[in-house]
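Residue numbers (UniProt numbering): 1 to 686.
What follows is a single structure, written as structure tokens, with notes after it.
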């Protein structure tokens, strides 16, 4: 267990080790007005940038709060060991050539283990890491240029990639950056732990993470909980793919529950936002800095152009945002302000009749903001300041500010193209509580992410995720009959059925069950493709002939009562994710599994309310609701069936490798559901 990161990221004393990189750290701290002590350590130099040089850790006047170690990898380990023994607060390990270079350097993995051992309980960042920038205190353990300024309050951005951090530091979007921190190899300290540390700073309003892979599920859960407690939202840009668990090709579940989908489900459960691009990350952080999580997905949009209104409307189609209709009491005041030629709607094209008139624009914007929307947007692209006069655009900005202050509503100004918002204007808007958005797509992505966080925070805390040791034995596949019996014990409805070893016994079993029946060959992974499934057999002779025909591919037979025609067929599956553990998949089943790509992921444990919401979000839910006058499906029975499957998975979390129930046949309302096929793979302990 490492000590607190507070001394490292908010230091009062800094030691620097090395040559030109260490010199740059001192230069950056001086440039940004760091008021603490800086102690250079160098074997030959007498002074660096006007400061006395020390020869070793032992010679330092005290134990430094933070250290930048910019020397070769072998010497880094030695210095880290000495700093830990001296009681230092933490260190940045700049050197590369550790685990990230193991394909080129055979000793890279061993050196990284040695580095962590040398650090002991002293926090370290890296190796292969630039360090961090703290613009609240002017403390920069950062050996490069950056584009940031001292601020009193702002957001923190964390990434494994030092180059991404450099790029973000150069943003010109008006985002107040309080911290940028890099984690490099995360040998000891991961991004989630770093994020927890910066959340505790009262001057930090929100945190953005650029994640290549989750380092610790426990740390991520701890971050989510602390974020919620402090009411400081976290948003992520998750890229890359975690290492996949070994999966056989015997089911559809793995193709539906891809690692990326599991990541989204995991983050959603925890109340951590997710975006797709760096611009979306920065725009979302601006919104969270000003407004925090949104209460819902309802937004309004106003512009002085029908073309811009159309762009806003179209961009919302693929988002959860909702352009809710105006309230009746808003319509007449807008009509009186904007005139008879304006169509009163949302998005609203207010034309140019009030252009340049701050009083009338304020009145119109105020009326719109009184509609109870979670976020109110005004589209405004500035002219080039080097060639044009932007006075009327500034007037519109002040009208938005006036309306936002008068109503207390969340407001943003959206430049449809990022270059059409001057940085000085963006900074002015932020200072006045209005979010300057660079790009329509980015603005709506930010609104969606902020509303998603608000939606989860409004619910009770989720139960802790399953954390189980995994069986190390060989994976075994249960027969279909064994799988169904195991699931039935947890309440999943399955057809009445009997097993048989011979064709004659199968025919006898069918007669005992009563016709019509289904005959299936046991021991066959893909039964349909192998001809090992025969439906609607109505006589003993038909069963006997079918069994003889499939005897060459089947090790035995399963005879079941034929199920009536379903309203819809779904798949319910589970797989083991390397980070999240067992997760449940619900989606369109039968032959439509890959065709529709219609599925939802549920992290475990779950509950019936969450299951019902996931089913409602599927495309196939239209069939379940009685599409075009057809019978409605028994959704209550489907919810209970999915809950039964989840119960089985939770009860067998330490050994389950894969579950595939396909199809779950949803019968008309009141008639229930039936699991027509099931596959289970378990990893038994040796």
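All C-beta atoms, glycine included, are put in the ideal place defined by N, C-alpha and C.
Bear in mind that the values here come from a model prediction, so they are computed numbers and not experimental data.
| query | result |
| --- | --- |
| Assuming residue 376 and residue 411 make a contact with CB atoms under 8 Å, what is their CB distance in whole Å? | 5 Å |
| Nearest to residue 432 by alpha carbon, out of 418, 650, 406 and 598? | 406 |
| For the putative contact between residue 178 and residue 154, defined by C-beta atoms under 8 Å, what is the C-beta separation to the nearest angstrom? | 4 Å |
| Rounded to a whole number of angstroms, what is the C-alpha to C-alpha distance between residue 679 and residue 563? | 19 Å |
| Taking only three categories from DSSP, how would you classify residue 651? | helix |
| Please report the Cβ distance between residue 620 and residue 639, rounded to the nearest whole angstrom; I am assuming they are in contact, meaning their Cβ atoms lie under 8 Å. | Rounded, the Cβ-Cβ distance is 14 Å, inconsistent with contact. |
| Whole angstroms is fine: what's the gap from residue 162's alpha carbon to residue 446's? | 24 Å |
| Which of the three DSSP states, helix, strand or coil, is assigned to residue 212? | coil |
| Just checking residue 474 against the ligand COA - is the residue's beta carbon closer than 8 Å to any of the ligand's heavy atoms? | You won't find the ligand COA in this model; it holds no ligand whatsoever. |
| For the alpha helix (DSSP H) containing residue 284, name the first residue and the last one. | 278-291 |
| So, for residue 427: in the same chain, excluding its five sequence neighbours on each side, which residues have a beta-carbon less than 7 Å away from its beta-carbon? | 174 |
| Quick check on residue 146: buried or exposed, where buried means 16 or more other Cβ atoms within 10 Å of its Cβ? | buried |
| Check this for me: beta carbons of residue 589 and residue 637, under 9 Å apart or not? | no |
| Please classify residue 332: is it buried, with 16 or more other beta-carbons within 10 angstroms of its beta-carbon, or exposed? | exposed |
| Specify, as a first and last residue, the run of the beta strand (DSSP E) that residue 40 falls within. | 37-41 |
| Check whether the segment 77-84 touches the segment 112-126, counting contact only when three or more Cβ pairs, one atom from each stretch, lie closer than 8 Å. | yes |
| Mind checking whether residue 295 and residue 454 have CB atoms under 9 Å apart? | yes |
| Given this structure, state the Cα-to-Cα distance separating residue 59 from residue 189, to the nearest angstrom. | 27 Å |
| Just the Cα atoms here: how many angstroms apart are residue 517 and residue 440? | 57 Å |
| Reducing DSSP to helix, strand and coil, say where residue 196 ends up. | helix |
| Give the DSSP-derived three-state secondary structure of residue 414 in the structure shown. | strand |
| Based on the DSSP output, what are the partners of residue 569 in its beta bridges? | 665 |
| For residue 555, count the other beta carbons within 10 Å of its own beta carbon; 16 or more makes it buried, fewer makes it exposed. Which is it? | exposed |
| Quick check for students: name the residue ranges of the beta strand (DSSP E) that lie wholly in the segment 466-544, counting only runs of 3 or more. | 475-477, 497-500, 517-522 and 533-537 |
| I want to know whether the segment 34-47 touches the segment 57-73 - three or more CB-CB distances under 8 Å. | yes |
| To the nearest whole angstrom, what separates the beta carbons of residue 284 and residue 450, a pair I think is in contact under 8 Å? | 7 Å |
| Within the same chain, show all residues whose beta-carbon is closer than 7 Å to that of residue 3, passing over the 5 residues directly before and after it, in chain order. | 121, 122 and 123 |
| Can you tell me which of the three DSSP states residue 131 falls into? | coil |
| For residue 196 versus residue 219, is the C-beta spacing smaller than 9 Å? | yes |
| What's the C-alpha gap between residue 19 and residue 461? | 50 Å |
| Closest to residue 655 by CA distance: which of 13, 681 and 156 is it? | 681 |
| Going by C-alpha to C-alpha distance, which of 310, 319, 281 and 289 sits closest to residue 298? | 319 |
| Leaving out five residues before and five after residue 373 in sequence, what residues of the same chain have Cβ atoms less than 6 Å from its Cβ? | 298, 299 and 300 |
| Assuming residue 436 and residue 385 form a contact by the criterion Cβ under 8 Å, report the distance between their Cβ atoms to the nearest whole angstrom. | Not really, about 15 Å apart at Cβ, beyond 8 Å. |
| Look up residue 304 in the DSSP assignment and give the residues it is bridged to. | Residue 304 pairs with nothing; no bridge assigned. |
| Where does the unbroken alpha helix (DSSP H) through residue 609 begin, and where does it stop? | 608-616 |
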